[in-house]
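Chains as they are written, first to last, in the numbering used here: chain B, 1 to 499; chain G, 1001 to 1499. Worksheet: one structure, shown below.
Number of protein chains: 2
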Amino acid sequence: MEMSQLEHNVRKHMNMICDLSAANSVLSWDQETYMPSGAAYSRAEQTSTLAAIIHQMMTGDTAKKLSDDIKEALNEKKEVSALVKLFLEDYTKACKLPEDLVRKTSKATSLAHESWKNAKQASDFSLFQDSLQELVELKSQAAELYGYTNNRYDALLNLYEPGITVAELTPVFQTLKEATIALLQSIEPQKESVSDELMRRYYPHDAQVAFSTQIAEKMGFSFDNGRIDLAAHPFCTSFSQYDVRLTTRVNEHDLGPCFYGVIHETGHGLYEQGFSSDLARTFGAEGASMGIHESQSLLWENVITRSEEFWHFALPYLKNHFPGIADEATPRDFYKAVNKVQPSLIRVDADEVTYNMHIILRFEIEQMMINGKVKIADIPELWREKMQTYLGIVPENDAKGALQDIHWSFGGFGYFPSYTLGKLYAAMLWKCIRQDIPAIHSHIANGEFSHLLQWLRTHIHQYGRTKKPGEIMNALAGESLNSTDFIEYIQHKFADVYR
Amino acid sequence: MEMSQLEHNVRKHMNMICDLSAANSVLSWDQETYMPSGAAYSRAEQTSTLAAIIHQMMTGDTAKKLSDDIKEALNEKKEVSALVKLFLEDYTKACKLPEDLVRKTSKATSLAHESWKNAKQASDFSLFQDSLQELVELKSQAAELYGYTNNRYDALLNLYEPGITVAELTPVFQTLKEATIALLQSIEPQKESVSDELMRRYYPHDAQVAFSTQIAEKMGFSFDNGRIDLAAHPFCTSFSQYDVRLTTRVNEHDLGPCFYGVIHETGHGLYEQGFSSDLARTFGAEGASMGIHESQSLLWENVITRSEEFWHFALPYLKNHFPGIADEATPRDFYKAVNKVQPSLIRVDADEVTYNMHIILRFEIEQMMINGKVKIADIPELWREKMQTYLGIVPENDAKGALQDIHWSFGGFGYFPSYTLGKLYAAMLWKCIRQDIPAIHSHIANGEFSHLLQWLRTHIHQYGRTKKPGEIMNALAGESLNSTDFIEYIQHKFADVYR
């Protein structure tokens, strides 16, 4: 078979699958933004029908024939495009789990989501224990079927970050842990010198949305190809690179959740809008990995817009949207207010320094769960011990401890490390950016983000999922992962914040 | 085969098709309400993939096997449910058109839509002529394939109103035409006694939406199972009876488009919310026909909410939403303002009396087109002649004449009569309602719509598409169609308005 014919056939089949996936994403977006409450049951039927048809197309006769053709071409050492290889990869992965296990897992996660909600509400881990036990068993089975070399948990990690292993992450996280503890100790004597009171004044709802939207637009988010709506939780979803939807939420007594919610999601959204047009309707029109995706949101949210330079640019806009609310404040006041460091119980509220400790704790506990090295019933106690060791505080109940996150209820073991990978990648990228764009600091201070965005487009966005995370990072930083750049970044930044 | 097994198999297949159709409707709704402009091309690809898969499921092997089983059961005189019969009906219809014709028509309508837009903008019929010619030919071919007894146009009429024929409609429309001309003549001397100035004051945007929404809620529209959004044109779509979406538009210098737009769509929406739960995810969860659907919107829009009683109820709410704008007005003032009769060029702006003349004109021209009795190039002139004869006015250009409606650009020949059928059905229903609910006038004056809604639910809504329009109307009115009830209704009403 001609390779151009194979490419054509594979693309055609991917196009249909991608269109259906996009449709399913529209249904989910609508569910989170506008859908009336009484429609939940019928919507669940619609999305599950779509998912079933997508799975069928992903594993059915056409897909099998295509994957056989690809294997044959590879055997014959023919040149095969990255997209075609991606198809084979995804087909192979989709076929690894028997339908019975997929159905069981889907049912177990539905039930687990309910029992997790109840358990969290009652702050009683025992109500979630059986569901969690079942999900751990099902996901351990899945890990065995996916396969791994050294650690069963690697198979789950790889669902979110292709190619990463426990063996690689452990020393990186160890260094990070030690440096974080040392930094927290150095901040401790100065902790009263920074307050976030400035962010916690009364910021009216509509002006928060307008201000955040304006900054998203300045960052380069295309509103011809995207929009921002309100939802219970901030997220970014896309139906193609030409239609990227962000959401945020508003607390009128705290500017942070809306403003940094929008900026974080805009970081994701710029990535999604930046895929090469050649990747439209293909499996390539996705992020390289969860970690790389998160690096984009965190670069903007933490590195760029929690910098003092950024507030030089943004403060006049803020004062314009909120007359009389922070008239006396300087850029440095806002810079300090958005960088307060404070060990806390809840991951999503954590600052840049302590955040990774929440992840390392979960990374360690998840490994033990998936490798059968901890009784599920003992997790709350293990959680408290680790919180005491890493952050010096202990949750007074399970809702603020092992029940706080939704991830385990959908069986998302292996997902959490992506967040810290995102921070590490962002710091590595930031180092490259400062080298490649020496004027970056003054760009930020002037609200000129086009050079930065162009850099991200050129080196990361355009490739979508056609390059692996390691490939992207190696090409830019000369190595796939380090914690050094991040540690230097926070040491330098927080020495300044707490100087 | 056990009939319960056949019913189960048919339902299962319908469920999947309905879920996919619902997904496609969500995509279309999003396109009209929130989708960013740059997403149009990728959205078109998504909807056309979904449509292709739906068509495949509607005509593929599974559908064929099911329809063979149904035919066998019918041959064996087994009891077969209305839903199962509907499936066979829709399968048979879907198979009548060869894929080649479907594809050609789909392409031709895309192009025709563009050329119609350009032609309308330039007010030049010749720019649309070739596209229209092609669509007339394709639809004539389709009509031949669908089959008919007497008139080729019947096959197209039946797509929107099952069972109706030109032979049945012609005398009904003739009587209606004569009565309308007579009524217009009787109004003529009094025409200055009614003004719509009251509706054309400055009504602020948000208050228009709030007022309209409040009335929709009073009518019984469930906002747990539906919502109202803004769009360029008002419409009603539903993704299940548990999720019905209405749209409206606002002109701050005319209360009518938003308010009566919402009420009209709420009439459709109440029908969609009223299907029996047993019909969820089946081909039965649709209106019995376009005409019956329109009867629901028009009953509410014209009969109920353009009555004097309604304004007794609604005026205090209006004054509350718009303080100072119409403080001096009485219910009778609004009743008169919303019932001004005035021959006009544009169908969608027409009043209850003149509206049908616009439809009859189109009904006559469409018959000639589909039966090859008029040259396409001669249509603008034919239009002008008929406007002169029926309404005594002549469009000064094609944009206000034969180019004004979108329908021909999507090949919707046979659709227009549904609007007048809706008015005739609504008047027939209104006669039944006054007999069955003697207190209906005081209910309306008190804003108590639950008895009326219950009546509509019991006699019409619950059945969805499992009863034919003729069956519904015969059971209620003792005949399938008449123009007498409508003529009596407008004669009585407008004698009062213009007394």
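In this text, a Cβ means the ideal position worked out from N, Cα and C, and glycines have one as well.
Practice task
Could you tell me whether any Cβ in chain B is nearer than 8 Å to the Cβ of E1007/G?
Solution key: As a working note, residue 1007/G is residue 7 in the second sequence. Closer than 8 Å: no.
Exercise for the section: May I ask you to verify whether the segment 1353-1373 of chain G touches the segment 1404-1420 of chain G, counting CB pairs closer than 8 Å and requiring at least 3? Expected result: As far as the Cβ criterion goes, the segment 1353-1373 of chain G touches the segment 1404-1420 of chain G, which means the pair count is three or higher.
Exercise for the section: Could you spell out the range, first to last residue, of the alpha helix (DSSP H) harbouring V209/B? Expected result: Locating residue 209/B in the first sequence gives position 209, where the first residue counts as 1. Element bounds for V209/B: H205 to M219.
Exercise for the section: Within its chain, find whatever has a CB closer than 7 Å to the CB of P162/B; leave out the 5 residues flanking it on each side and keep chain order. Expected result: Working through the first sequence from its first residue, we reach residue 162/B at position 162. So the qualifying residues of the chain are S289, K468 and P469.
Problem - From I1365/G, M1369/G and K1373/G, residue whose alpha carbon lies closest to that of K1386/G - result: For the purposes of this step, residue 1386/G is taken as residue 386 along the second sequence, with counting starting at 1. Nearest option by C-alpha distance: I1365/G.
Handout entry: Min CB distance P1204/G to chain B below 8 Å
Key = The count along the second sequence starts at 1 and reaches residue 1204/G at position 204. No, P1204/G does not count as interfacial toward chain B.
Problem - Residues of its chain near E301/B, where Cβ-Cβ distance is below 8 Å and the 5 sequence neighbours each way are ignored - result: Here the question's residue 301/B lines up with position 301 in the first sequence. Excluding positions up to five away in sequence, the list reads Y260, I263, H264 and G267.
Problem - S1021/G and T1047/G closer than 8 Å at C-beta - result: As a first step, residue 1021/G is located in the second sequence; it is residue number 21 there, counting from the start. As a first step, residue 1047/G is located in the second sequence; it is residue number 47 there, counting from the start. No, they are not a contact pair.
Practice task
Run down chain B in chain order and give the residues with a C-beta less than 7 Å from the C-beta of E1526/G.
Solution key: Since the first residue shown for chain G is 1001 and the last is 1499, residue 1526/G is missing from the structure and cannot be characterised.
Exercise for the section: Output yes if chain B places a C-beta closer than 8 Å to the C-beta of G1226/G; else output no. Expected result: By 1-based counting over the second sequence, the position of residue 1226/G is 226. Cβ-Cβ to chain B under 8 Å: yes for G1226/G.
Exercise for the section: Take A475/B as the anchor and find which of L452/B, L429/B and F486/B has the nearest alpha-carbon. Expected result: In the first sequence, the residue the question calls residue 475/B occupies position 475. Answer by Cα proximity: L429/B.
Handout entry: Residues near Y425/B by beta carbon distance below 7 Å, same chain, minus five either side
Key = The residue labelled residue 425/B in the question sits at position 425 within the first sequence. Same-chain partners within the cutoff: G291, I292, S295 and M473.
Exercise for the section: With 9 Å as the limit, tell me which residues of the segment 219-251 of chain B have their beta carbon closer than that to any beta carbon of chain G; keep them in chain order. Expected result: Flagged, chain order: S222, F223, D224, N225, G226, R227, D229, F239, S240, Q241, Y242, D243, V244 and R245.
Practice task
Give me the Cα-Cα distance between E192/B and L176/B, rounded to the nearest whole angstrom.
Solution key: Looking up residue 192/B in the first sequence gives position 192. Looking up residue 176/B in the first sequence gives position 176. Distance between the alpha carbons of E192/B and L176/B is about 25 Å.
Exercise for the section: Round the Cβ separation of K104/B and L138/B to the nearest angstrom and send it over; I've been treating them as touching at under 8 Å. Expected result: For this step, residue 104/B is matched to residue 104 along the first sequence. For this step, residue 138/B is matched to residue 138 along the first sequence. With a Cβ gap of about 6 Å, K104/B and L138/B count as contacting.
Problem - Where the segment 24-36 of chain B meets chain G: residues whose CB sits under 9 Å from a CB there - result: If the cut-off is 9 Å between Cβ atoms, the segment 24-36 of chain B has N24, V26, L27, W29, D30, T33, Y34, M35 and P36 near chain G.
Practice task
Give a yes or no on whether 8 Å exceeds the smallest Cβ distance from G38/B to chain G.
Solution key: As a position in the first sequence, residue 38/B is number 38, starting the count at 1. Chain G, which has a Cβ nearer than 8 Å to the Cβ of G38/B, makes this yes.
Exercise for the section: Identify which residue in F1239/G, I1325/G, S1277/G and Y1317/G has its Cα closest to the Cα of D1254/G. Expected result: On the second sequence, residue 1254/G is found 254 positions in, with the first residue counted as 1. When each option's Cα is compared against that of D1254/G, the closest is I1325/G.
Exercise for the section: Measure from the alpha carbon of L86/B to the alpha carbon of each residue in A495/B, R499/B, G464/B and A402/B, then state which is nearest. Expected result: As a working note, residue 86/B is residue 86 in the first sequence. When the alpha-carbon of L86/B is set against those of A495/B, R499/B, G464/B and A402/B, the nearest one is in G464/B.
Practice task
Check whether the Cβ atoms of D1351/G and K1336/G sit closer than 8 Å, and answer yes or no.
Solution key: Position 351 of the second sequence holds residue 1351/G. Position 336 of the second sequence holds residue 1336/G. Taking C-beta atoms as the reference points, D1351/G and K1336/G fail to come closer than 8 Å.
Practice task
Could you tell me how far apart the beta carbons of G1414/G and Y1146/G are, in whole angstroms, since I believe they sit closer than 8 Å?
Solution key: Position 414 of the second sequence holds residue 1414/G. Position 146 of the second sequence holds residue 1146/G. In fact, because the Cβ distance is near 11 Å, the residues do not count as touching under 8 Å.
Practice task
Run down chain B in chain order and give the residues with a C-beta less than 9 Å from the C-beta of M1016/G.
Solution key: Counting from 1 along the second sequence, the entry for residue 1016/G is found at position 16. Under the 9 Å cutoff, chain B gives T49, A52 and I53.
Practice task
Could you name the residues of chain G that S42/B contacts, counting a contact when the two beta carbons are closer than 9 Å?
Solution key: For this step, residue 42/B is matched to residue 42 along the first sequence. The answer, in chain order, is D1019, A1022, F1239, S1240, Q1241, Y1242, D1243, A1280 and R1281.
Exercise for the section: Select from H461/B, E396/B, H55/B and I17/B the residue whose C-alpha is nearest the C-alpha of S277/B. Expected result: To locate residue 277/B, count along the first sequence from 1; it is residue 277. Answer by Cα proximity: H461/B.
Exercise for the section: Look up S1483/G in the DSSP assignment and say whether it is helix, strand or coil. Expected result: The residue given as residue 1483/G occupies position 483 in the second sequence. It is coil, neither helix nor strand.
Handout entry: Contacts around Q1404/G, its chain only, beta-carbon distance under 7 Å, and the 5 residues preceding and following it disregarded
Key = Counting from 1 along the second sequence, the entry for residue 1404/G is found at position 404. Excluding positions up to five away in sequence, the list reads I1346 and R1347.
Practice task
Starting from C236/B, follow its DSSP beta bridges and name the residues at the other end.
Solution key: Stepping through the first sequence from its first residue, residue 236/B is reached at position 236. In the DSSP output, where bridge partners are listed per residue, C236/B has L246/B.
Handout entry: Within 8 Å, strictly: CB atoms of V84/B and M199/B
Key = Sequence index remark: in the first sequence, residue 84/B carries index 84 (1-based). Sequence index remark: in the first sequence, residue 199/B carries index 199 (1-based). Cβ distance not < 8 Å, so V84/B and M199/B don't count as in contact.
Practice task
Check whether the Cβ atoms of L132/B and I370/B lie closer than 8 Å to each other.
Solution key: Walking along the first sequence from the start, residue 132/B turns up at place 132. Walking along the first sequence from the start, residue 370/B turns up at place 370. Result no, Cβ atoms of L132/B and I370/B do not sit closer than 8 Å.
Exercise for the section: Let me know if L1077/G comes out buried or exposed under the rule of 16 or more other beta-carbons within 10 Å of its beta-carbon. Expected result: Indexing the second sequence from 1 puts residue 1077/G at position 77. Per the sequence shown, residue 1077/G should be read as Lys rather than Leu. A residue is called buried once 16 or more other Cβ atoms fall within 10 Å of its Cβ, and K1077/G, having fewer, is exposed.
Exercise for the section: Under 7 Å Cβ to Cβ from D333/B, same chain only, skipping five residues before and after it: list those, please. Expected result: Looking up residue 333/B in the first sequence gives position 333. Excluding positions up to five away in sequence, the list reads L198.
Exercise for the section: Taking 8 Å as the cut-off, decide whether the C-beta atoms of L1066/G and V1010/G are in contact. Expected result: Counting from 1 along the second sequence, the entry for residue 1066/G is found at position 66. Counting from 1 along the second sequence, the entry for residue 1010/G is found at position 10. Result yes, Cβ atoms of L1066/G and V1010/G sit closer than 8 Å.
Exercise for the section: Can you tell me which of the three DSSP states L279/B falls into? Expected result: For this step, residue 279/B is matched to residue 279 along the first sequence. Helix.
Problem - For I1346/G, the three-state DSSP class (helix, strand or coil) - result: As a first step, residue 1346/G is located in the second sequence; it is residue number 346 there, counting from the start. Of the three classes helix, strand and coil, the one that applies to I1346/G here is coil, per DSSP.
Exercise for the section: Flag this pair as yes or no: are the beta carbons of D1019/G and S37/B separated by less than 8 Å? Expected result: Start at 1 with the first residue of the second sequence, and residue 1019/G comes out as number 19. Start at 1 with the first residue of the first sequence, and residue 37/B comes out as number 37. No; because the gap between Cβ atoms is not below 8 Å, this pair is not in contact.
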